[in-house]
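Chains as they are written, first to last, in the working numbering: chain A, 11 to 502; chain B, 44 to 220.
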């Protein structure tokens, strides 16, 4: 009710709703597992996304550590070695022992080699023009200092201490100060870089947290929508089933009421003595018999359908010929066909292999198809029932096909996917006041499937329909005659 | 009881063993004290432009009677400590002096101003090499086997230490000059 109101007041939203409902209904037809699979897929995607994001943040931190912290450590070592170069040179000034002086000179050179290597390494790692510029300046200043240092060392070793001190004061101290300033600048650059990277890591961390919250919100929303969709799909299914059952009850009531009314009226006429003549009595008797049979068939059909749905049907399997099956079908439908003024053309390919199945069940299946052909056969009152062998290129795919063809009203393409659903009745058929329960085709389908086969349909509006029963042929050795009582195979 | 010929044989054998033992001891002692004959290379700093010196110029330099190289660099003499075979060879071949005369020469020369350079004394040939490497005007000596790429070997009278008639050798030459 509310849905109807909603559709009237907000047609666009209602249209969307209808599309969504149709989608949900279609999805629910293939069970809720599909929806859960979709949820699982999306959740997996979300988890992968979160893991990648966390890994990216982790890599960022590692890069920062390598770039800034190790860089700062490296520059600390560089400063120490530069100081060591100078310190060892100055130590050489404090002694007159040439052997010790040579040792200090050696230590100074060892330290200067480390500094030179470290500067070279720094230049190799320089990532921008500023770093490259400072690195090159440091290299030049260091070379200048080393020249002075060499002179100082030479003077010390020569024994010219005063000269060495003069060299150091005039050249060594200023050039080493420049080196120190360069190193300080490099350190400052590293600090700036570390600060920048820290900001990047901080931003990345905040971004990750934001994303995580977003992803969690999305997940929550998606899960809620999924649950809602599953619930709604189930509800729609239940509603549809309820509607079908209501239609079925209405249809069955109608189907029961008509013959019952006829039987009641006929019986009343006989009881009231309105019918006295023998011919009239016979006519009324025939009417009562026919409608009783119609009622019996209807009740049987319903009971059979109920038993197939509950899995209580026992099929007695045995080999049979197609002729035998046709004979049973024609015998059981003769009356209906004759009364409707139809003719059935039967055609069976000679030499067809035997079928393994339940004769009465398969006969019921074909009876339903023939019954439908009569019911919807229109004015062209001919029905064709054909049987032939179909061979495929693939091995073990030989099957017998039995088709029931009419030239009646046909089935609309929108109805075709639903005609095998229980209680389904095409709106156009219902509108034409053609009686039925919507159980004939589902019953035929379940019987065909129980026999290892299937039913297919080809139909065109105004041209007619061809229902084909596909049955597997009996394999050699799949059935063996046994002496007593075991010639029946029961299938449930 | 031993007989007289047996005692005699034993005595001869003991005597022979003693003589052999004494000979072995002397051979190993000679090997320890007497160095193998080897050339002594005169080495300078790699930057030094001097490639060749006459024996006379070499003596002048080592006696401290010359203060600067032709490129203007001050000359620094490097000697090994007293007692080293290389130093002994240098005193013998260049200075023609004993250790005492050598010390007196430099003390007296520095006092009178005739000697301009006081020699630096180092303990090892490695120290000599490192010193010369650090001091552009340094000159010293090492055995040929102690020479490496950090120093430059100069010719003496046009001859290198590898040459057959090179004069500066660890052991005194047996021939007459």
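Quick reminder that beta carbons are idealized off the backbone N, C-alpha and C, glycines included.
Cross-chain neighbours of residue 218 of chain A in chain B, by beta carbon under 9 Å: As a first step, residue 218 of chain A must be located in the first chain, where it is residue number 208. None at all; the shortest Cβ gap to chain B is about 58 Å.
Cβ of residue 164 of chain B within 8 Å of any chain A Cβ: For the purposes of this step, residue 164 of chain B is taken as residue 121 along the second chain, with counting starting at 1. Yes, its Cβ sits closer than 8 Å to a Cβ of chain A.
Residues of the segment 169-181 of chain B whose Cβ lies closer than 8 Å to any Cβ of chain A, in chain order: Answer in chain order: 170, 173, 174, 177, 178, 179, 180 and 181.
Minimum Cβ-Cβ distance from residue 210 of chain B to chain A less than 8 Å: In the second chain, the residue the question calls residue 210 of chain B occupies position 167. False, the Cβ-Cβ gap to chain A never drops below 8 Å.
Contact check, residue 335 of chain A vs residue 305 of chain A, beta carbons under 8 Å: Walking along the first chain from the start, residue 335 of chain A turns up at place 325. Walking along the first chain from the start, residue 305 of chain A turns up at place 295. Between residue 335 of chain A and residue 305 of chain A, the C-beta spacing is not below 8 Å.
DSSP-derived helix/strand/coil call for residue 146 of chain B: Along the second chain, read from residue 1 onward, the residue named residue 146 of chain B stands at position 103. The three-state reading of DSSP puts residue 146 of chain B in helix, counting H, G and I together.
Min CB distance residue 92 of chain B to chain A below 8 Å: Stepping through the second chain from its first residue, residue 92 of chain B is reached at position 49. Not closer than 8 Å to any Cβ of chain A, the Cβ of residue 92 of chain B fails to qualify, so no.
Buried or exposed by the 16-neighbour rule on C-beta atoms within 10 Å, applied to residue 65 of chain B: In the second chain, residue 65 of chain B corresponds to position 22, counting from 1. At residue 65 of chain B, the pLDDT of 48 sits below 50, so the modelled position is not reliable and the matter cannot be decided from this model.
Unbroken stretches of the alpha helix (DSSP H), 4 residues or longer, contained in the segment 324-410 of chain A: Here the runs fully enclosed are 332-350 and 369-385.
For residue 268 of chain A, the nearest candidate out of A/287, A/239, A/255 and A/298 (CA to CA): Working through the first chain from its first residue, we reach residue 268 of chain A at position 258. Residue A/298 is the option with its Cα nearest to residue 268 of chain A.
Integer Cβ distance of residue 388 of chain A from residue 419 of chain A, believed to fall under 8 Å: If you number the first chain from 1, residue 388 of chain A lands on position 378. If you number the first chain from 1, residue 419 of chain A lands on position 409. About 5 Å separates the beta carbon of residue 388 of chain A from that of residue 419 of chain A, a gap short enough to meet the 8 Å contact definition.
Rounded C-alpha distance that separates residue 154 of chain B from residue 97 of chain B: Taking the second chain and counting its residues from 1, the one referred to as residue 154 of chain B is at position 111. Taking the second chain and counting its residues from 1, the one referred to as residue 97 of chain B is at position 54. Answer to the nearest angstrom: the Cα atoms are 27 Å apart.
Continuous alpha helix (DSSP H) assignments of at least 4 residues falling wholly in the segment 75-125 of chain B: List check, alpha helix (DSSP H) in window: 98-105.
Residues near residue 74 of chain B by beta carbon distance below 6 Å, same chain, minus five either side: Taking the first residue of the second chain as 1, we reach residue 74 of chain B at position 31. For residue 74 of chain B, the predicted model reports a pLDDT of 40, less than 50, meaning its position is unreliable and no value from the coordinates is stated.
Residue-chain proximity (residue 147 of chain B, chain A), Cβ-Cβ < 8 Å: Reading the second chain from its first residue, position 104 is the one you call residue 147 of chain B. Among the CB atoms of chain A, none fall inside 8 Å of the CB of residue 147 of chain B.
C-beta neighbour in chain A for residue 119 of chain B, strict 8 Å: The count along the second chain starts at 1 and reaches residue 119 of chain B at position 76. For residue 119 of chain B, the nearest beta carbon of chain A is closer than 8 Å to its own beta carbon.
Coil, strand or helix - residue 192 of chain B by DSSP: Counted from its first residue, the second chain places residue 192 of chain B at position 149. If DSSP states are grouped into helix, strand and coil, residue 192 of chain B belongs with coil.
Inter-residue spacing [alpha-carbon to alpha-carbon] between residue 452 of chain A and residue 431 of chain A: Looking up residue 452 of chain A in the first chain gives position 442. Looking up residue 431 of chain A in the first chain gives position 421. The straight-line gap separating the alpha-carbon atoms of residue 452 of chain A and residue 431 of chain A is approximately 6 Å.
DSSP bridge partner residues for residue 118 of chain A (one or two, in chain order): Along the first chain, read from residue 1 onward, the residue named residue 118 of chain A stands at position 108. Paired residues: none, contrary to the question.
Three-way DSSP call (helix, strand, coil) for residue 13 of chain A in this model: On the first chain, position 3 is the one that residue 13 of chain A refers to. A caution first: residue 13 of chain A carries a pLDDT of 33, below 50, which makes its placement in the model too unreliable to give a value.
Contact under 8 Å by Cβ, residue 294 of chain A with residue 312 of chain A: Taking the first chain and counting its residues from 1, one reaches residue 294 of chain A at position 284. Taking the first chain and counting its residues from 1, one reaches residue 312 of chain A at position 302. Contact flag unset, no.
Contacting residues, own chain, Cβ-Cβ under 6 Å from residue 233 of chain A (five flanking each side not counted): For the purposes of this step, residue 233 of chain A is taken as the residue at position 223 of the first chain. Counting only Cβ-Cβ distances below 6 Å, and skipping sequence neighbours, we find nothing.
7 Å Cβ shell around residue 276 of chain A - same chain, five flanking residues per side excluded: Residue 276 of chain A sits at position 266 when you count from the first residue of the first chain. Here the set comprises 294, 297 and 298.
DSSP beta-bridge partners of residue 481 of chain A: Locating residue 481 of chain A in the first chain gives position 471, counting from the first residue. When DSSP reads this structure, residue 481 of chain A sits in a beta bridge with A/410.
With 16 other Cβ atoms within 10 Å as the buried cut-off, status of residue 227 of chain A: Locating residue 227 of chain A in the first chain gives position 217, counting from the first residue. Exposed, by the Cβ-count rule.
Ranges of the alpha helix (DSSP H) found wholly within the segment 98-147 of chain A, counting only runs of at least 4: DSSP runs (the alpha helix (DSSP H)) wholly in the segment 98-147 of chain A: 108-135.
DSSP bridge partner residues for residue 166 of chain A (one or two, in chain order): Position 156 of the first chain, counted from the first residue, corresponds to residue 166 of chain A. For residue 166 of chain A, which the question treats as bridged, DSSP gives no partner whatsoever.
Proximity below 8 Å, CB of residue 214 of chain A to CB of residue 78 of chain A: Within the first chain, the letter at position 204 stands for residue 214 of chain A. Within the first chain, the letter at position 68 stands for residue 78 of chain A. No, Cβ-Cβ distance for residue 214 of chain A and residue 78 of chain A is not below 8 Å.
Close Cβ partners of residue 175 of chain B (< 7 Å) along its chain, the five nearest in sequence each way excluded: The residue given as residue 175 of chain B occupies position 132 in the second chain. Cβ contact annotation for residue 175 of chain B (same chain, cutoff 7 Å, sequence separation greater than five): 86, 87, 88, 121, 181, 183 and 194, in chain order.
Secondary structure of residue 163 of chain B, DSSP reduced to three states: Looking up residue 163 of chain B in the second chain gives position 120. Strand at residue 163 of chain B.
With 16 other Cβ atoms within 10 Å as the buried cut-off, status of residue 485 of chain A: Numbered from 1 along the first chain, position 475 holds the residue referred to as residue 485 of chain A. So residue 485 of chain A counts as exposed.
Residue 198 of chain B (DSSP reduced to helix, strand or coil): In the second chain, residue 198 of chain B corresponds to position 155, counting from 1. If DSSP states are grouped into helix, strand and coil, residue 198 of chain B belongs with the strands.
Beta-carbon contacts of residue 166 of chain A that lie in its chain and below 7 Å, excluding the five residues immediately before and after: Counting from one through the first chain, the residue named residue 166 of chain A turns up at place 156. Cβ-Cβ distances below 7 Å link residue 166 of chain A to 102, 103, 111 and 174 in the same chain, with the five nearest sequence neighbours on each side left out; the list follows chain order.
Cβ-based neighbour list, residue 482 of chain A, same chain, cut-off 7 Å, excluding 5 preceding and 5 following: One-based indexing of the first chain puts residue 482 of chain A at position 472. Exclusion of the five residues before and after residue 482 of chain A leaves 409, 462 and 463 as the residues of its chain whose Cβ lies within less than 7 Å of its Cβ.
Residue 458 of chain A beta carbon less than 8 Å from that of residue 375 of chain A: Sequence index remark: in the first chain, residue 375 of chain A carries index 365 (1-based). Sequence index remark: in the first chain, residue 458 of chain A carries index 448 (1-based). A contact, by the Cβ cut-off of 8 Å.
Beta-carbon gap between residue 158 of chain B and residue 165 of chain B smaller than 8 Å: The count along the second chain starts at 1 and reaches residue 158 of chain B at position 115. The count along the second chain starts at 1 and reaches residue 165 of chain B at position 122. It is not a contact, given that the beta carbons lie outside the stated cut-off.
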